[in-house]
Amino acid sequence: MHEYCLKAWVTGRVQGVGFRAASREQALKEELTGHARNLGDGRVEVLLCGERSAVDRVVRWLWQGPPASRVTHVECEKVDATPPNTFEPS
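Using the numbering used here, you'd call the opening residue of the sequence shown number 56 and step up by one each time.
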């Protein structure tokens, strides 16, 4: 089965507020694989691979983020990626 993979770029106050760790926690709860990485421009890049409905649930969560974050925008793009075996730490 070919898994659905989506890459999201999250803008706002998302670095230094536990966003990557919280994203990983949400992804693992939904049994997704991927990664969450800080980008040099202040955004966080999140790759989510797995069942589409689970990916969609985590994307909805990205708009909220952890309590200390302040998300202003989430841009998503479906990608053809080889899904990692786990949710990789950044």
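Beta carbons are placed, not taken as given, at the ideal position from N, Cα and C, and that holds for glycine.
Note down the Cα distance separating residue i from residue j, rounded to an integer number of angstroms.
| i | j | result |
| --- | --- | --- |
| Leu87 | Val72 | 22 Å |
| Gly67 | Thr141 | 26 Å |
| Leu83 | Lys133 | 19 Å |
| Phe74 | Cys60 | 20 Å |
| His19 | Glu143 | For the chain, the structure presents residues 56 to 145; residue 19 sits outside this window and is missing. |
| Asp135 | Ala63 | 13 Å |
| Asn93 | Val110 | 20 Å |
Since residue i is in the alpha helix (DSSP H), which residue starts that stretch and which ends it?
| i | result |
| --- | --- |
| Trp116 | Arg107 to Leu117 |
| Leu61 | Where Leu61 is concerned, there is no enclosing alpha helix (DSSP H), although the beta strand (DSSP E) it sits in stretches over Tyr59 to Arg68. |
With a threshold of 16 other CB atoms inside 10 Å of the CB of residue i, please say whether the residue is buried or exposed.
| i | result |
| --- | --- |
| Gly105 | buried |
| Arg98 | buried |
| Trp116 | buried |
| Ala123 | exposed |
| Ala77 | buried |
| Leu102 | buried |
| Gly95 | exposed |
| Gln119 | exposed |
Would you mind giving the Cβ-Cβ distance between residue i and residue j, rounded to the nearest angstrom? I have them listed as a contact below 8 Å.
| i | j | result |
| --- | --- | --- |
| Val129 | Val114 | 7 Å |
| Glu85 | Arg112 | 6 Å |
| Pro138 | Glu80 | At roughly 19 Å, the Cβ-Cβ gap does not stay under 8 Å, so Pro138 and Glu80 are not in contact. |
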